[in-house]
Amino acid sequence: MMFHRLKKINKNQRGFTLIELIVVIAITGLIISAITVTIFQLFNISARSDSHMLAVRQVQNAGYWISHDTQMAQSVETDGGTTGFPLKLTWSNEWDSNTYEVVYNLIEADSELRRSYKVNDDDPNVTLVAEYINQADTSCVLTGGGTFTLPDKDDAFTITGDAVADSGKITVATGSIKVTTNGSATYKASTASTGIWTTPDANGTVVVKAFEAPTAGVWTSTTANAKVAITTDTDDENAIITGRVLTLMVTATVSGWHEVTETRVYEVIHRPD
Numbered sequence: 505m506m507f508h509r510l511k512k513i514n515k516n517q518r519g520f521t522l523i524e525l526i527v528v529i530a531i532t533g534l535i536i537s538a539i540t541v542t543i544f545q546l547f548n549i550s551a552r553s554d555s556h557m558l559a560v561r562q563v564q565n566a567g568y569w570i571s572h573d574t575q576m577a578q579s580v581e582t583d584g585g586t587t588g589f590p591l592k593l594t595w596s597n598e599w600d601s602n603t604y605e606v607v608y609n610l611i612e613a614d615s616e617l618r619r620s621y622k623v624n625d626d627d628p629n630v631t632l633v634a635e636y637i638n639q640a641d642t643s644c645v646l647t648g649g650g651t652f653t654l655p656d657k658d659d660a661f662t663i664t665g666d667a668v669a670d671s672g673k674i675t676v677a678t679g680s681i682k683v684t685t686n687g688s689a690t691y692k693a694s695t696a697s698t699g700i701w702t703t704p705d706a707n708g709t710v711v712v713k714a715f716e717a718p719t720a721g722v723w724t725s726t727t728a729n730a731k732v733a734i735t736t737d738t739d740d741e742n743a744i745i746t747g748r749v750l751t752l753m754v755t756a757t758v759s760g761w762h763e764v765t766e767t768r769v770y771e772v773i774h775r776p777d
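My numbering puts the first residue of the sequence shown at 505, with every later residue one more than the last.
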C-alpha cells in the first residue's frame, strides 16, 4: 500500500522543462552581467577619481612652491625657450646677510619637477616637487610689468637688459619723469605721459627718475629678460615698484585605466630689488 502511494506522488511531481531551464539560465546571466557591469563601473569611477586627485595634487604642489618662491624673489630669470625652464629665483635678506637661490627644473625622462635650493655657496638641496608632469603643456613666462610710485623728487628705478632684447612702455599717471639710457638702451617719449623703451643687448639700462613728487605710473615689458630695481630713494618714504607677472601653466597626466589630465594656471607677482 505504501509503495503504491509513493508511486502516485512521484507521478504527480513534474520537473523543469528545457525551455524553462533556458529562460532561468538567461535571466540569471542577465542579472550576473548587470552586477558585473555595475561593479566594473564603480571600480572604473573609483580608479578615475584616484588618478584625478593624484593629478590635482601634483599641479597644486607645483603652483604652491613656485608661487611661494616667486613672491620672495627679487630676481626672476626664465630660460626664454619653449618651456621657460629652468626657472631661477634669487633674493637676499638684510637681517641675515644671506643670498638664496632656487632653481626649478623639468626632468623630462622622469616627468618630474624638481626644486634646487641653496644658501650662499652651500651645496644645493634638491627635492621632488611634482610627478607626472606633462612637459608639452607645462611652461613659465615673465610678462607685463607693474606700477611704480616715486614719492619724492629724484627717486628713481632702472630697467636693465639681459642677453635677449626687451622693450616696453612707460606711462605716467601723476607727476613727471626724466629718462636716461646707458649702453644700447633707448627711450623715445611719444607724448608727455608715455614713452617707449628698448634694451637690445645685455647691460643696457633705462633709468627712470622723478622730476617732481609724487610721481606714479605703469611700466610694461614685452619679453621676459628685463630686470628692474630701485636705484635711488631720497628719503624714508620708499619708492615702490611691483614686479612683473610670472605666468605658470602646469599640467599633470596620470595614466591608468583611463588617462587623466589636470592643468592649472598661476599668475604671481615677484618683489624686485
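Think of the CB as a built atom: it goes at the ideal place given N, C-alpha and C, for glycine as much as any other residue.
These figures come from a predicted structure and were not determined experimentally.
Beta carbon of residue i nearer than 8 Å to that of residue j
| i | j | result |
| --- | --- | --- |
| Thr703 | Val712 | no |
| Thr738 | Asp659 | yes |
| Val772 | Ser596 | no |
| Ser555 | Val683 | no |
| Thr675 | Val623 | no |
| Gly665 | Gly699 | no |
| Ile681 | Ala714 | yes |
Bridge partner(s) assigned by DSSP for residue i
| i | result |
| --- | --- |
| Ala634 | Leu617 |
| Ala693 | Gly699 |
| Thr755 | Thr767 |
| Trp599 | Answer is none; Trp599 lacks a bridge partner. |
| Thr736 | Ala660 |
| Ala720 | Thr653, Thr678 |
| Thr540 | Answer by DSSP bridge pairing: none, since Thr540 is not bridged. |
| Asn629 | Tyr621 |
Cutoff 8 Å; reference residue i; Cβ partners in own chain excluding five residues on either side
| i | result |
| --- | --- |
| Gln564 | Arg768 |
| Gln575 | Val772, Ile773, His774, Arg775 |
| Ile523 | none |
| Thr695 | none |
Rounded straight-line distance, which links the Cα of residue j to that of residue i
| i | j | result |
| --- | --- | --- |
| Ile535 | Ile529 | 10 Å |
| Ala730 | Ile637 | 28 Å |
| Thr532 | Ile539 | 11 Å |
| Ala717 | Ala667 | 34 Å |
| Ala559 | Asn609 | 19 Å |
| Gln578 | Thr746 | 10 Å |
| Glu616 | Leu591 | 14 Å |
| Gly672 | Thr685 | 14 Å |
| Ala689 | Phe589 | 27 Å |
| Ala669 | Asp583 | 14 Å |
| Thr603 | Val580 | 14 Å |
| Thr587 | Ala706 | 22 Å |
| His762 | Val527 | 37 Å |
| Arg552 | Ala566 | 21 Å |
| Thr631 | Ala693 | 47 Å |
| Pro628 | Asp614 | 20 Å |
| Ile611 | Glu635 | 10 Å |
| Thr757 | Ser697 | 48 Å |
| Tyr770 | Trp701 | 28 Å |
| Ser537 | Thr521 | 24 Å |
| Thr651 | Trp599 | 27 Å |
| Leu525 | Glu766 | 51 Å |
Close-in-space but distant-in-sequence residues of the same chain around residue i (CB under 7 Å, 5 per side omitted)
| i | result |
| --- | --- |
| Trp569 | Arg619, Val633 |
| Ala743 | Thr653, Leu654, Pro655, Asp659, Phe661, Ile734, Asp737 |
| Leu510 | Any answer about Leu510 is weak, because its pLDDT of 48 lies below 50 and its placement is not dependable; what the coordinates show is given next. For Leu510, where only same-chain residues beyond five positions count, there are no Cβ hits under 7 Å. |
| Glu741 | Pro655, Asp656 |
| Arg561 | none |
Residues near residue i in its chain [Cβ-Cβ closer than 6 Å; skip 5 each side]
| i | result |
| --- | --- |
| Val606 | Asp573, Leu593, Tyr621 |
| Ile663 | Val710, Ala730, Val732 |
| Thr726 | Ser671, Gly672 |
| Thr642 | Val754, Thr755 |
| Thr678 | Ala720 |
| Gly687 | Asn707, Gly708 |
Any non-hydrogen atom of the ligand ATP closer than 7 Å to residue i Cβ
| i | result |
| --- | --- |
| Thr767 | Ligands in the displayed structure: none, and consequently the ligand ATP is not present. |
How do the region 742-757 and the region 638-652 stand: do at least 3 beta-carbon pairs fall below 8 Å, yes or no? yes
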